[in-house]
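Comments concern the structure below.
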Amino acid sequence: MASVSTSKAEISYIQSGLLSNPPLRADGRALHDFRTISLETGVAPLANGSAHLNIGQNPHDGGGGTEVLAAAKLEVESVDGQGEGVDGGRIVCTVSCSPSAYPHLSAPALDDLQHDMSTLLHQTLAHPSLHPANLGILAGKKSWLLNLDCVVLADAGNTYDALFMAARAALWDCKVPRTRGVEYKAAVAPGAKVSESGEMDVDRDPGEQQSGFDTRSISRAVDFELPDYWDEGEVLGGRDKWPVCVTLNVASSKVHYLDAILQEEAATPLRLLLVFSFPTAASPSLQAMRILGSGELESGQIREFVADGEKYAQRLSDALNGKLKEEDLRRGQKARDRFARR
Amino acid sequence: MGSRVEILNDGGFRSDGRRQYELRDLTIDLSQQGVADGSAIITHGLTQVLVSVFGPREAKMRSQTMHDRANINVEVSVAAFSTGERRKRSRGDKRILEMAATIKSTFEPVVQTSLYPRSQIDVFVQVLQQDGGLLQACINGTTLALANAGIPLLDFVCAVTGGVHSTSPMLDLTLLEENDIPHVTVAVMPKTGKVTLVTMETRLHVERFEEIFRLACEAGKVIHAEIKGAVRERTGRLVAAMGSGPRAGGGDLQDDDAMDG
Chain X
1 MASVSTSKAE ISYIQSGLLS NPPLRADGRA LHDFRTISLE TGVAPLANGS AHLNIGQNPH
61 DGGGGTEVLA AAKLEVESVD GQGEGVDGGR IVCTVSCSPS AYPHLSAPAL DDLQHDMSTL
121 LHQTLAHPSL HPANLGILAG KKSWLLNLDC VVLADAGNTY DALFMAARAA LWDCKVPRTR
181 GVEYKAAVAP GAKVSESGEM DVDRDPGEQQ SGFDTRSISR AVDFELPDYW DEGEVLGGRD
241 KWPVCVTLNV ASSKVHYLDA ILQEEAATPL RLLLVFSFPT AASPSLQAMR ILGSGELESG
301 QIREFVADGE KYAQRLSDAL NGKLKEEDLR RGQKARDRFA RR
Chain V
1 MGSRVEILND GGFRSDGRRQ YELRDLTIDL SQQGVADGSA IITHGLTQVL VSVFGPREAK
61 MRSQTMHDRA NINVEVSVAA FSTGERRKRS RGDKRILEMA ATIKSTFEPV VQTSLYPRSQ
121 IDVFVQVLQQ DGGLLQACIN GTTLALANAG IPLLDFVCAV TGGVHSTSPM LDLTLLEEND
181 IPHVTVAVMP KTGKVTLVTM ETRLHVERFE EIFRLACEAG KVIHAEIKGA VRERTGRLVA
241 AMGSGPRAGG GDLQDDDAMD G
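Chains as they are written, first to last, in the UniProt record's numbering: chain X, 1 to 342; chain V, 1 to 261.
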């Protein structure tokens with residue numbers, strides 16, 4: 001998605017710069033360097049988890065760079081077979097692009113673009129292998145629907161990496177409110193005949209007769225309530241599994257580079273998106289892979305690219321985890337300390 | 001009334017601790033956003049809006065151009081997480097189109113469009129958070145972004161919402177108050193004293209209208225002072241930055257001075 005008009009001469013200049021030895025890029029980075037990434041969590045007060053991410057912000061005036069806002073919002077959904085609700089909850093991801101990020105695109109083209117991005121993000125993050133365990137409320141009755149909304153506010157290249165990082169940060173930050181099931185017990189009327197087991201004698205359907213072999217404990221909770229508690233809830237289960245994306249921009253069969261700016265994206269015929277998950281307890285897994293652009297890729301090369309991509313993704317993921325823990329600390333411990341000192 | 005929030009209590013305080021005529025905290029960020037020619041993030045309390053302005057430039061669709069003046073194109077998008085209840089509004093949503101049309105008609109008499117014939121000025125409004133007073137935030141943000149983009153305006157446009165609780169008027173309503181009491185949004189041009197927008201979706205007693213309207217015009221002047229201060233500070237910083245760097249062509253200092261005079 002080149003949103004700058006680039007001439008043939010510029011394209012060949014950028015390409016020959018990337019292929020020269022040592023490689024040269026417009027901003028002086030090495031091939032596998034990222035621009036500065038800044039991240040802040042908890043930016044949307046009405047969401048359950050949110051993050052604001054910027055890649056390549058200009059340090060002087062705070063402008064420029066790819067900017068993404070992501071927010072996760074939970075809502076309760078009935079699991080009754082009529083709606084879309086399923087047991088254990090579900091995740092829906094939506095990406096919308098601000099027209100100011102793509103000022104040259106017409107409205108239908110913008111819709112197409114945000115649909116492309118939504119599809120990739122949704123298919124990857126809503127995959128069963130990543131599904132958090134604590135999105136269910138009452139089995140067969142209620143569950144949480146997690147809406148992850150991302151807004152691309154500005155595009156200065158490498159949007160997919162930014163999107164996945166912002167999404168990961170928002171999901172990391174997301175807190176699921178604690179719930180408690182409510183069940184009703186019929187009061188034992190004074191005159192009612194009480195069986196030996198203490199169960200009340202009520203008219204039952206013959207079909208509903210409980211079998212003596214049935215040892216399942218069936219929860220009789222019919223509704224739930226939100227108990228008062230000091231924090232906003234517990235974090236999503238398995239939050240270390242949320243993936244990161246690295247885009248390998250393939251300049252030639254030998255040379256690939258990371259974190260392209262818009263002009264470089266326009267000059268690169270092939271981009272390979274690799275989405276990796278690095279769970280703490282298990283080995284890394286490749287969650288998604290996309291090839292963008294008109295270039296070609298030999299099947300033999302893919303193995304190398306995936307191996308390289310895993311290395312970069314691991315570094316990116318480690319850095320992101322460090323920053324997210326720091327943000328948790330800033331908003332938790334440090335904020336409490338500051339409050340206590342007042 | 002038990003659990004209901006009191007709009008105005010006996011001590012004269014509102015639900016968020018403000019007095020009747022007190023405005024919410026106003027913050028303005030005029031730093032560069034993306035590739036926009038001018039942009040502004042304005043926050044009225046918990047309502048936050050990002051406005052980006054592009055242009056004057058060639059229109060994407062030639063049919064939209066006018067031979068004698070520039071066309072102002074306003075697009076509003078609302079982030080799905082900006083409200084308490086998540087609701088995805090698409091670009092074609094009636095409510096959003098209406099708001100865009102309101103902003104456009106507010107600014108048409110203010111922007112000197114006749115200076116840029118056959119061109120287009122794009123205003124993209126992105127709503128990030130909503131807590132009442134959305135239209136006023138959009139209008140104030142658009143004024144700032146237009147000024148920041150260096151587009152000639154006849155005057156600043158300053159908008160504020162006023163409402164009335166039984167007989168006591170109030171300014172700058174939050175969402176809670178907007179849901180409960182009748183309100184008017186007024187956009188004024190403080191220097192010329194003209195009004196470019198008065199809009200209302202609720203019913204208001206005709207005897208109350210004048211008082212609210214007068215108050216809103218007064219409040220517009222307060223907002224004007226804030227906006228002007230922010231623009232002045234931003235421009236001052238840009239001028240200082242221009243002076244500190246090496247000048248490209250040594251000779252054009254004279255020309256600049258000549259232009260000012």
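Here a beta-carbon is modelled for each residue, glycine too, at the ideal position from N, C-alpha and C.
Give me the residue from the options with the minimum Cα distance to residue i.
i        : options                                   : result
Gly293/X : Asp328/X, Leu273/X and Thr280/X           : Leu273/X
Asn134/X : His115/X, Gly295/X, Lys175/X and Val68/X  : Lys175/X
Tyr184/X : Pro243/X, Tyr102/X, Phe224/X and Leu113/X : Phe224/X
Leu236/X : Trp172/X, Ala251/X and Thr280/X           : Trp172/X
Leu316/X : His115/X, Phe278/X and Asp116/X           : Phe278/X
Val157/V : Glu211/V, Gly220/V, Thr199/V and His183/V : Gly220/V
Leu154/V : Ala101/V, Ile139/V and Met189/V           : Met189/V
Pro132/X : Leu138/X, Lys142/X, Leu146/X and Leu120/X : Leu146/X
Met170/V : Glu218/V, Ser114/V and Ile151/V           : Glu218/V
Tyr116/V : Pro56/V, Thr83/V and Ala159/V             : Pro56/V
Gly11/V  : Ser168/V, Arg62/V, Glu211/V and Ser90/V   : Ser168/V
Leu26/V  : Val195/V, Ala159/V and Glu177/V           : Ala159/V
Val43/X  : Ser20/X, Ala72/X, Thr36/X and His60/X     : Ala72/X
Ser78/X  : Ser106/X, Gly136/X, Glu40/X and Ser5/X    : Gly136/X
Asp155/X : Trp230/X, Ala170/X, Cys97/X and Val246/X  : Cys97/X
Val74/V  : His44/V, Asp93/V, Lys94/V and Ser105/V    : Ser105/V
Ala281/X : Lys325/X, Val246/X and Asp240/X           : Asp240/X
Near residue i, which residues of its chain fall below 8 Å by C-beta distance, leaving aside the five closest residues on each side in sequence?
i        : result
Asp33/X  : Leu258 and Asp259
Glu264/X : Ile14, Leu18, Arg25, Ala26, Gly157, Asn249 and Tyr257
Gln287/X : Thr124, His127, Ser129, Leu130, Pro243, Val275, Phe276 and Ser277
Thr192/V : Leu154 and Asp155
Glu310/X : Leu274, Phe276, Pro284 and Leu286
Glu296/X : Leu270
Asp337/X : none
Gly63/X  : Gln57
Leu31/X  : Leu18, Pro23, Arg25, Val255, His256, Tyr257 and Leu258
Phe213/V : Gly162, Val184, Val186 and Val198
Does DSSP classify residue i as helix, strand or coil?
i             : result
Gly64/X       : coil
Gln129/V      : strand
Ala166/X      : helix
Cys174/X      : coil
residue 368/X : Residue 368/X falls outside the range modelled here, since chain X spans only 1 to 342, and no answer is possible.
Leu125/X      : helix
Leu115/V      : helix
His131/X      : coil
Glu40/X       : strand
Gly243/V      : helix
Ala335/X      : helix
Val5/V        : coil
Asn58/X       : coil
Leu329/X      : helix
Arg341/X      : helix
Gly162/V      : strand
Arg19/V       : coil
Phe224/X      : strand
Lys185/X      : coil
Gly236/V      : helix
Leu120/X      : helix
Beta-carbon within less than 6 Å of residue i's beta-carbon, same chain only, minus the 5 sequence neighbours each way: which residues are those?
i             : result
Tyr122/X      : Per the sequence presented here, residue 122/X reads as His, with Tyr not at that position. The residues are Cys93.
residue 266/V : The question about residue 266/V has no answer here: the residues shown for chain V are numbered 1 through 261.
Ile41/V       : Asp29 and Leu50
Asp328/X      : none
Only counting the same chain, and skipping five residues up and downstream in sequence, which positions put a Cβ closer than 7 Å to that of residue i?
i        : result
Pro206/X : Summary for Pro206/X: the model assigns pLDDT 47, below 50, so the residue's position carries little reliability, and this model does not support an answer.
Ala162/X : Leu53, Ile55, Thr66 and Val68
Any heavy atom of the ligand SAH inside 7 Å of the beta-carbon of residue i?
i        : result
Ser299/X : For the ligand SAH, the structure offers nothing, since it holds no ligand at all.
- Task: Could you name the residues of the stretch 71-86 of chain X whose beta carbon sits closer than 7 Å to any beta carbon of chain V, in the order they occur along the chain?
- Result: So the close ones are Ala71, Lys73 and Glu75.
- Query: According to a CB-to-CB cut-off of less than 7 Å, which residues of the stretch 141-157 of chain X neighbour chain V?
  - Reply: Of all residues in the stretch 141-157 of chain X, those with a C-beta nearer than 7 Å to a C-beta of chain V are Asn147, Asp149, Val151, Leu153 and Ala154, reading in chain order.
- Task: Check distances from the C-beta atoms of the UniProt domain "Exoribonuclease phosphorolytic" (155-219) of chain V to those of chain X and list, in chain order, the residues that come in under 9 Å.
- Result: Close to chain X, meaning a Cβ-Cβ distance shorter than 9 Å, is no residue of the UniProt domain "Exoribonuclease phosphorolytic" (155-219) of chain V at all.
- Listed in chain order, which residues of the stretch 10-35 of chain X have Cβ atoms closer than 8 Å to some Cβ of chain V? Against chain V - using a Cβ distance shorter than 8 Å - the stretch 10-35 of chain X contributes no residues.
- Item | Contact set between the stretch 34-57 of chain X and chain V, restricted to residues whose Cβ is under 8 Å from the partner | Closer than 8 Å at the C-beta level to chain V, one finds these residues of the stretch 34-57 of chain X: Ala44, Pro45, Leu46, Ala47 and Ser50.
- Query: Quick one, which residues of the stretch 33-52 of chain V are near chain X if we go by CB-CB under 8 Å, in chain order?
  - Reply: Answer set for the stretch 33-52 of chain V: Gln33, Gly34, Val35, Ala36, Ser39, Leu46, Leu50 and Ser52.
- Message: As an exercise, report each continuous alpha helix (DSSP H) stretch of at least 4 residues that is fully enclosed by the stretch 254-319 of chain X, in chain order.
- Response: Taking 4 residues as the minimum length, the alpha helix (DSSP H) runs contained wholly in the stretch 254-319 of chain X are 262-267, in order along the chain.
- Query: Which runs of the alpha helix (DSSP H) spanning at least 4 residues fall entirely within the UniProt domain "Exoribonuclease phosphorolytic" (22-152) of chain V, listed in chain order?
  - Reply: Runs found: 94-107 and 134-148.
- Query: Using a beta-carbon distance cut-off of less than 9 Å, what residues from the stretch 60-86 of chain V approach chain C?
  - Reply: Of the chains in the structure shown, none is chain C; the protein chains are X and V.
- What residues in the stretch 91-107 of chain X have a beta carbon less than 8 Å from any beta carbon of chain V? For chain V, the residues of the stretch 91-107 of chain X that bring a beta carbon within less than 8 Å of one of its beta carbons are Thr94, Ser96, Ser98, Pro99, Ser100, Ala101, Pro103, His104, Ser106 and Ala107, in chain order.
- Mind listing which residues of the stretch 97-111 of chain V have their C-beta closer than 7 Å to chain X's C-betas, in chain order? Close to chain X, meaning a Cβ-Cβ distance shorter than 7 Å, is no residue of the stretch 97-111 of chain V at all.
- Within the UniProt domain "Exoribonuclease phosphorolytic" (155-219) of chain V, note down every full alpha helix (DSSP H) run reaching 4 residues or more, in order along the chain. As far as the UniProt domain "Exoribonuclease phosphorolytic" (155-219) of chain V is concerned, its whole alpha helix (DSSP H) runs of at least 4 residues are 175-180.
- Any residues in the stretch 6-29 of chain V with a beta carbon nearer than 7 Å to a beta carbon of chain X? Which ones, in chain order? When C-beta distances to chain X are compared with 7 Å, every residue of the stretch 6-29 of chain V stays at or above that value.
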